[in-house]
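Using the working numbering, you'd call the opening residue of the sequence shown number -9 and step up by one each time.
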Amino acid sequence: MKESGRKQGVPSPCAACKLLRRRCGVDCVFAPYFPADDPQKFANVHKVFGASNVNKMLQELPEHQRGDAVSSMVYEANARVRDPVYGCVGAISSLQQQIDMLQTQLAMAQAEVVHLRLFQAQAISPTNSTGSPSSSATIMMMSSQTKPFFDMDLMVDQAMWSC
């Protein structure tokens, strides 16, 4: 019986050596990071950076840093394949815009909570003039008890309530 052209016990070449059609030696710098079962991982990295450049980068780094470097290269290469112009900067920019939008929504929701608390305090506070605290004193007392989550809340609250 034939073993599909390979000797028994010989591991298959890594994805890099397969793509580059070369023999995968025991000392192959790509083998630990680009396994044979994930060929697209190296294909994207090779397409963006080139095998020679990746080889040089990996050989210049200490072994304990190579895994992180490969992860970064794979992330950037995948981002470049999806967005050839901006790459991972486009993804970061998009995420930053989402953060800004969500922070704005959070500030608005917090301002609405303050508004509702003030409205509730005005509805509950006594309105007689027999020495009871006035509604503005109750509002001041309530607003001094609530701590803002962000400094931006103070700016939003002041801008919203100044007339």
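Heads up, the beta-carbon is just placed ideally off N, CA and C, and yes, glycines get one too.
Scanning M98, L96, A59, D17 for the CA closest to the CA of M47 turns up A59.
Counting along the chain, G40 sits inside no alpha helix (DSSP H), nor does DSSP assign it H or E at all. Secondary structure remark: continuous alpha helix (DSSP H) runs of at least 4 residues inside the stretch 65 to 114, in chain order: 78 to 114.
Excluding residues up to 5 positions away in sequence, D73 lie with their Cβ nearer than 6 Å to the Cβ of G80 in the same chain.
Our two residues, A6 and V38, have alpha carbons roughly 14 Å apart in a direct line.
Note that the C-beta distance between A67 and V104 is not below 7 Å.
By the criterion of a C-beta distance shorter than 7 Å, C18 is surrounded in its chain by C4, C7, once the five residues flanking it on both sides are discounted. Between A41 and S2, the gap from beta carbon to beta carbon reaches 7 Å or more.
Residue environment: A69 is assigned as buried (16 or more neighbouring CB atoms within 10 Å of its CB, all protein chains considered). For the pair F32 and L9, the CB atoms are nearer than the 7 Å cut-off. By the C-beta density criterion, F20 is buried, having at least 16 other C-beta atoms within 10 angstroms.
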